[in-house]
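Q:
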Amino acid sequence: LTKPIVAQIFRLWQDPKGQRWINACWYYRPEQTVHHEDKHFYEHEVAKSTQYRDHAIEEVIDRCFVMFVTRFFKGRPRGLPAGKSVRSPGEGLRL
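The sequence shown lines up with residues 1 to 95 when you count with the UniProt record's numbering.
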């Protein structure tokens, strides 16, 4: 089972045919990276990549939050809806 892509939106636009698009920077999960075998990660931790991709707006599943570890330990992000929870570092836009 594949997990949704966590990404940060940088740009929104609409093409001449009316199709709406986003340009997003991908975040990688630990299993998608190369690292030393003794490296430890937080649950749901992600790492920002240098990969920027265009996606049709229909590919966006939901909004979520990516927080730096230092901010995660200080509290909830502003604007977090009442029904959403902050579990641990590394939740972002899901594609």
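Glycine is no exception: its CB is placed at the ideal position from the N, C-alpha and C atoms.
When you compare each of TYR52, ARG63 and GLN19 to GLY83 by their alpha carbons, which one comes out closest?
A: Taking the first residue of the sequence shown as position 1, residue 83 is located at position 83. Residue ARG63 is the option with its Cα nearest to GLY83.
Q: Should VAL46 and VAL66 be called a contact, given that it needs their Cβ atoms to be closer than 8 angstroms?
A: Translated into the one-based positions of the sequence shown, residue 46 becomes position 46. Translated into the one-based positions of the sequence shown, residue 66 becomes position 66. In this structure, VAL66 lies closer than 8 angstroms to VAL46 by Cβ.
Q: Does DSSP classify ARG78 as helix, strand or coil?
A: Position 78 of the sequence shown holds residue 78. ARG78 falls in the coil class under three-state DSSP.
Q: From which residue to which residue does the beta strand (DSSP E) around LYS3 run?
A: Within the sequence shown, residue 3 is the residue found at index 3, counting from 1. Counting along the chain, LYS3 falls outside any beta strand (DSSP E), and DSSP gives it neither H nor E.
Q: Are three or more beta carbon pairs between the stretch 37 to 45 and the stretch 15 to 24 nearer than 8 angstroms?
A: With the cut-off at 8 angstroms, the stretch 37 to 45 and the stretch 15 to 24 do not touch.
Q: Could you tell me the alpha carbon to alpha carbon distance between ASP54 and LYS17, rounded to whole angstroms?
A: Against the sequence shown, residue 54 aligns to sequence position 54. Against the sequence shown, residue 17 aligns to sequence position 17. Whole-angstrom Cα-Cα distance: 16 angstroms.
Q: Give the straight-line distance between the Cα atoms of ARG78 and GLU37, rounded to the nearest whole angstrom.
A: For the purposes of this step, residue 78 is taken as the residue at position 78 of the sequence shown. For the purposes of this step, residue 37 is taken as the residue at position 37 of the sequence shown. C-alpha separation (whole angstroms): 36 angstroms.
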